[in-house]
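Quick note: the sequence shown uses the numbering used here, first residue 1, plus one each step. Glycine included, every Cβ here is placed at the ideal spot set by N, Cα and C.
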Amino acid sequence: MRNFVAALALLPLNFLVVGYGWLAAGMTGWAANWDEQPYEPPLTELGVAAGVVAAVGVALWVARLRGAAVFQTVPLLVLVLLMMPT
């Protein structure tokens with residue numbers, strides 16, 4: 001039950017961080033299309049966002065909330081997907 005509550009409590013943070021990464025990738029892609037340049041993902045912004053999510057996952061693991069820590073891999077995988085050039 002504690003894992004479920006922790007995962008629900010972290011949903012706003014996860015949406016905020018992944019949304020920021022999505023916005024940064026989208027704006028970079030839009031700018032690349034506008035200038036007709038090849039798309040290069042904003043690795044700094046996405047790396048910081050992924051680091052925040054990973055740090056939260058490690059903190060949950062240390063707090064012995066293993067289920068919630070494993071759930072943190074979902075937003076981390078989304079951010080890693082955004083890092084890949086298309």
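N3 versus G51, L82 and V62, residue with shortest Cα-Cα distance | V62
DSSP three-state call for R64: helix, strand or coil?
-> coil
Buried versus exposed call for Q72 [16 or more other C-beta atoms within 10 Å across all chains shown] | buried
Sequence-distant residues of its chain with Cβ nearer than 7 Å to A54 (five each side left out) | L76
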